[in-house]
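Trainee: Counting in this note's numbering, the sequence shown runs from 9 upward without gaps. In this text, a Cβ means the ideal position worked out from N, Cα and C, and glycines have one as well.
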Amino acid sequence: MERDEYVAMFVRSALILRSSSTPWGKYPIVGDVRGSHFMMCIENVANPETKELLPEQPNIGKRIADHCQERGVIVRPFAPFNVMSPPWF
């Protein structure tokens with residue numbers, strides 16, 4: 009593959025990731041979705057209005073990551089957050 013083809017592929021992937029982040033706000037556990045280019049972070053909260061974080065005990069980030077992995081999606085848990093990026097190929 010030529011360098012320009014890689015760049016075009018990465019730009020398309022980043023646009024897809026960014027556009028896919030829009031519907032996340034409809035879930036009551038999602039307090040914020042942020043990221044740039046090839047990385048996106050979903051913040052899981054107890055209250056979306058106050059942005060109060062969930063207690064660490066339920067280990068929600070890990071539970072969500074495990075649930076995603078069962079469906080073939082790799083999501084990295086980080087406390088009450090889940091971080092993801094698209095595959096390169």
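(1) How is F86 classed by DSSP in three states: helix, strand or coil?
(2) Under the three-state reduction of DSSP, which class applies to V81: helix, strand or coil?
(3) Measure the C-alpha to C-alpha separation of I68 and M47 and round it to an integer number of angstroms.
(4) Please list the terminal residues of the continuous beta strand (DSSP E) segment that includes I50.
(5) Excluding sequence positions up to five away, which residues of its chain have a Cβ less than 8 Å from the Cβ of Q77?
(6) How about E31 and L62: do their beta carbons lie closer than 8 Å?
(7) Would you grab the beta carbon distance between V38 and P66 for me? Rounded to a whole angstrom, and I think it's under 8 Å.
(8) Looking only at its chain, what residues have a beta carbon closer than 6 Å to the beta carbon of I24, apart from the 5 residues adjacent to it on each side?
Mentor: In short, the structure shows the following:
(1) strand
(2) coil
(3) 20 Å
(4) M47 to N55
(5) V83
(6) Here residue 31 turns out to be Pro, not Glu, going by the sequence shown. Not closer than 8 Å, so no.
(7) Not really, about 15 Å apart at Cβ, beyond 8 Å.
(8) none
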